[in-house]
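For the protein sequence lines, the chains are A and B, in the order given. The numbers in UniProt numbering rise by one with no breaks, and the one at position 427 of the first sequence is 427. The numbers in UniProt numbering rise by one with no breaks, and the one at position 281 of the second sequence is 281. Notes to accompany the following structure.
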Amino acid sequence: MRRAAALASSVVLSAAVLVGCGAQAAPQAGATSLTWAVETQPVTLNPHLWAQNKVRLLVFNQFDALVSRGADGSFQPWLARSWKVSDDGRAYTFELRDDVTFHDGTRFDAAAVKANLDQLLKPGYNPAVAAIQLGSFSRAEVLSPTRLRITLKRPDALFLDFLSSPYAGQVSPASLRAAKDLKFGGTELAGTGPFILDRYVQGQELHYHRNPAYRWAPPGAGHQGPAHLSEITYRFLPEAAVRVGALTSGQVQVIEGVPATEVALVEKDPGLTFLRALNSGTSFSYYFNTSHPPFDDVRVRRAFREAVDLDAVLASVYRGTATRAWSVVARSSPFYDAGLEGRYGGNAAEAGALLDAAGWRQRDAEGYRVKDGRRLTVRSVSSAPFVRDRRDVLAQAVQAQVKQSAGIDLQIRIVDQGAAQQAADDDQYEIFENSRGDSDAGAALNLILRGDGAINRTRYSDPELDGWLAAASATSDPAERRRLYAEVQRKAVEEQALVFPIYVPGDQIAARRSVQGLGFDPVTGTPRGAYDVRVGT
Amino acid sequence: MTGAGLAAAPGRAAVLPAWARFAARRTLAAAAVLWAAATTAYVALLLAPGDTVDILVGDGPDTPGIRAGIVAEWGLDRPQVVQYLSYLWRLLHGDLGRSYQLQRGVADVLAGQVGPTAQLTLAAAGVGVTLACVIATATAGRGRLARGAASAAELASVSVPPFLIGIVLLAVFSFTLGWFPVSGAEGARALVLPALALGLPIAGVLGQVLRGGLERALEQPFAVTARARGLTERALVTRHALRHALLPAVTLAGWFTGTLLGGAVITEALFGRPGLGQVAMRAVTGRDMPVVMAVVLLSAVVYVTVSTLLDLAYRVIDPRTRG
């Protein structure tokens, strides 16, 4: 046995010795380099095809948009110095910066902006953006190298939001033409951003170096001129416990995505800082399918919400780190209607009374309610790739509560994307769970609540609701939009109980204390890029 | 990979006719297995719920215009048979298609990932086989204490989920002791923990089988004869008994090829390593069928290659199978 142990350890040791050389060459270039562990791998690095909120922080390292957002959500200059909107709200004239160059050395000008817009409209390139974000787009005209006029078919309150989104990240037209793998992007596409992508190893990491020529940071940034860091590596570590371990052992200096179970550990560590922010867009919510029983009856929809003691559920699943949602619109949005807080939920007696009134009086042997010989069963069908943040555990907690306090049989099905889509198409579900991270909550509401919305899974259609949504999309007066979206929320959440808002998704960053300048995008609540980040005091 | 494994055998055909017949049989069988794998993968895609357009649309906006664009782009309006035949045709020409999710050629997606996975699985197989041989030869026929301890360790390494083994290895050797990095670029040093995590369960099973085989061999009459000739116990074990014990262990190698490929999915995700496992995992959850099918095919190629090599190994180890 002793010999066996000695042999075994010598095997391990010799392996270690063999590989020892070549290791420990960690780049310590004056401590201006940084390794940041992220949870999510990008499916594409082409900003035009951006599809993951978690990847936003990478996009704006490499690319700049035309317009930026201030801390108060206002639209501010970026690659566009200024702009004027015509009185009818259909023509935007942009004055562009004249001192900007792409990473490939070509100049940024009005023709480049037009080339980017033209690219987005090419058939088969990004049909979703062409249909939704550019649905109101009519044409772009180059008036001079620094002046561009964009004409819309109709006023569109979300157009500037589009121009500040990753989709509007400006890509060098030369690299758009030359890229072999355009839809993936990567190192082939040249942006104007503060960092230049020079290495992508799928499944492992992304590496950027500083753009020394960068002099066009948005006014809301923490500094001007080139970025503080000379290099930054983003390492993909999908497992949360591994990210936290890598941070506490100093192998990485920053991580994003700290799960509730690890927050206490991170906060206790004096060598670490912990930051969190709520995301924009919609709350994580259960949407009730109103097209067939039992949720075609508003009393049953109400009863489901009353049957859940949501505060207790959130406390047990997220250990007090989750923020309860009261509306379909996330709390961080300027359109959030705080008037809905405390207006419903957590009243088991009320749930029972509502179900009795709706005719679900009898109980079967297992304690579930029955009507006309049918059990009160509702199915939640969700697509596995979208189940994150312990939402499966959350669903189980809700399942236990609705059974216990109201006799509702909630069946949870987590399936692959195709099967989930099939269930949606065949109307074989009663609950749809979803959250969206759109920077403007209105964009999400158009998809979810409008009668013909692309992901309207409540199957509820109401001309009045559609009218408010259309009016809110057409005006850019913030007060008027707030009023209209308040009407929308009151109807969808309170009057019709179409939705059961659960919690407001958020993002977390944990870092070594020496890392400064980390933060969140004020509009989306997702981690900011690395432009303002520095190491040291 | 097939090229290397299958083409080598016919080369010897002229010299050894018996081998040539064997090689030809194996090549044919291999081709049939690969065709079956490709077709099964294709049929599975057809039978899976949800149609391809739905998958490509995903959770995004969905209008008739968008759907028509997708159908045209991927040629989904052709008859099923035509699509199947064109799939096989493209396969024969080495064209694996385009990934729905990653917007790139599948061959491109996989190219960079084969290397890291081969590295990981070979290292893990090395760890597994070495540990198993060392422990089995050291403990076979020894005192009850040594055998009990080894057997308990083997049982533990087989029963504990690889995910947990990985986390524990990381917690001890990376996060606490700082001997090895979690992941990535630091070359071979970063390979040690993942290879151990993936290799330990194999060492467990293989070790038990090997020791059992060794002990049976040591009770055979030839062992008594060898001892009577004055052979030391160590020489007896390593030179004679091991060869007898090896046959069932080699049969297991087919099994552990599967374990390694499956385990790579978990190990790669845990350690943030690039590799086929991670790609396959993402492709399956995202229903990225061209990638899934390519991975299935690649696994079939590996299996066929390994089992061909094993058949050859039998002939080397056991003269009785040379016929």
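For glycine and all other residues, C-beta sits at the position ideal for the given N, C-alpha and C.
Legend entry - Meets three-Cβ-pair contact criterion under 8 Å: the stretch 85-103 of chain A and the stretch 211-221 of chain A: yes
Legend entry - Proximity below 7 Å, CB of A195 of chain B to CB of V127 of chain B: yes
Legend entry - Residue-level contact to chain A via CB, A156 of chain B, 7 Å cutoff: no
Inset, instruction - Report the neighbours of Q113 of chain B on chain A: residues whose CB is nearer than 8 Å to its CB, in chain order. - result: Q202 and G203
Inset, instruction - Could you tell me which of B:A20, B:S99, B:L45 and B:V71 sits nearest to T44 of chain A, measuring between CA atoms? - result: B:S99
Inset, instruction - Name, in chain order, the residues that DSSP records as bridge partners for P527 of chain A. - result: A:F520
Inset, instruction - Please specify which runs of the beta strand (DSSP E), each continuous and at least 3 residues long, are wholly inside the stretch 85-164 of chain A, giving them in chain order. - result: 91-96, 137-144 and 147-152
Inset, instruction - Compare the C-beta of V254 of chain A with all C-beta atoms of chain B and state if any pair is closer than 7 Å. - result: no
Legend entry - Sufficient close CB pairs (3 or more, under 8 Å) joining the stretch 151-162 of chain A to the stretch 485-494 of chain A: no
Inset, instruction - Tell me, please, whether the stretch 306-315 of chain A touches the stretch 474-484 of chain A by the rule of three or more beta-carbon pairs shorter than 8 Å. - result: no
Inset, instruction - Compare the beta carbon distance of L278 of chain A and G506 of chain A with 7 Å and say whether it is the shorter of the two. - result: yes
Inset, instruction - Apply the 10 Å Cβ neighbour rule to R107 of chain A and answer buried if 16 or more other Cβ atoms are within range, or exposed otherwise. - result: exposed
Inset, instruction - Give the straight-line distance between the Cα atoms of R157 of chain B and G204 of chain B, rounded to the nearest whole angstrom. - result: A small fix is needed here, since residue 157 of chain B is Ser in this sequence, not Arg. If I take the Cα positions, the gap works out to 6 Å.
Inset, instruction - Verify the contact flag: R320 of chain B, CB atom, against every heavy atom of the ligand GDP, threshold strictly below 6 Å. - result: The ligand content of the structure shown is nil, which means the ligand GDP is not present either.
Legend entry - W83 of chain A - partner residues in DSSP beta bridges: A:F94
Legend entry - Three-state secondary structure assigned by DSSP to Q278 of chain B: helix
Inset, instruction - For W36 of chain A, write down the residues that DSSP places opposite it in a beta bridge. - result: A:Y234 and A:V254
Inset, instruction - Evaluate contact between the stretch 396-408 of chain A and the stretch 361-378 of chain A, counting only Cβ atoms and requiring at least three cross-stretch pairs below 8 Å. - result: yes
Inset, instruction - Please list the partners that D461 of chain A has in chain B, where partner means a Cβ-to-Cβ separation under 7 Å. - result: According to the sequence as given, residue 461 of chain A is Ser; it is not Asp. Result: empty, since nearest Cβ-Cβ is about 16 Å, beyond 7 Å.
Legend entry - Length-filtered (4 minimum) alpha helix (DSSP H) runs lying within the stretch 194-278 of chain B: 221-228 and 242-271
Inset, instruction - In the DSSP assignment, find the unbroken alpha helix (DSSP H) run with I165 of chain B in it and report its ends. - result: P162 to L169
Legend entry - Closest Cα partner of P259 of chain A within the set A:A240, A:K268, A:Q253 and A:E205: A:A240
Inset, instruction - Leaving aside the five residues before and after A325 of chain A along the sequence, list all residues of the same chain whose C-beta is less than 6 Å from its C-beta, in chain order. - result: S283, P501, I502, Y503 and V504
Inset, instruction - Confirm, please, whether the CB-CB distance from T146 of chain A to L66 of chain A is below 7 Å. - result: no
Legend entry - For H48 of chain A, the three-state DSSP class (helix, strand or coil): helix
Legend entry - Euclidean distance between Cα positions of L120 of chain B and T305 of chain B: 18 Å
Inset, instruction - Please say whether I414 of chain A and V387 of chain A have beta carbons closer to each other than 7 Å? - result: yes
Inset, instruction - Answer yes if the stretch 217-235 of chain B comes into contact with the stretch 298-315 of chain B, meaning at least three C-beta pairs across the two stretches below 8 Å, and no otherwise. - result: no
Inset, instruction - Note down, one range per segment and in chain order, each beta strand (DSSP E) of at least 3 residues found wholly within the stretch 374-450 of chain A. - result: 377-383, 409-415 and 431-434
Inset, instruction - Taking only beta carbons into account, state which residues of the stretch 273-289 of chain B come closer than 8 Å to chain A, listed in chain order. - result: R273, P274, G275, Q278, V279, R282, V284, T285, G286 and R287
Inset, instruction - Please confirm if A125 of chain B has its CB atom under 7 Å from at least one CB of chain A. - result: no
Legend entry - Span of the alpha helix (DSSP H) around residue 578 of chain A: Because chain A is modelled from 1 through 537, residue 578 of chain A falls outside the range shown and cannot be assessed.
Inset, instruction - Label F222 of chain B either buried or exposed according to how many other C-beta atoms from any shown protein chain fall within 10 Å of its C-beta, with 16 as the threshold for buried. - result: exposed
Inset, instruction - Determine whether the Cβ of S439 of chain A lies closer than 7 Å to any Cβ atom of chain D. - result: Chain labels in this structure do not include chain D; the protein chains are A and B.
Legend entry - Q76 of chain A vs S68 of chain A beta-carbon contact at 7 Å: yes
Inset, instruction - To the nearest angstrom, report how far apart G250 of chain A and V172 of chain B are at their CA atoms. - result: 14 Å
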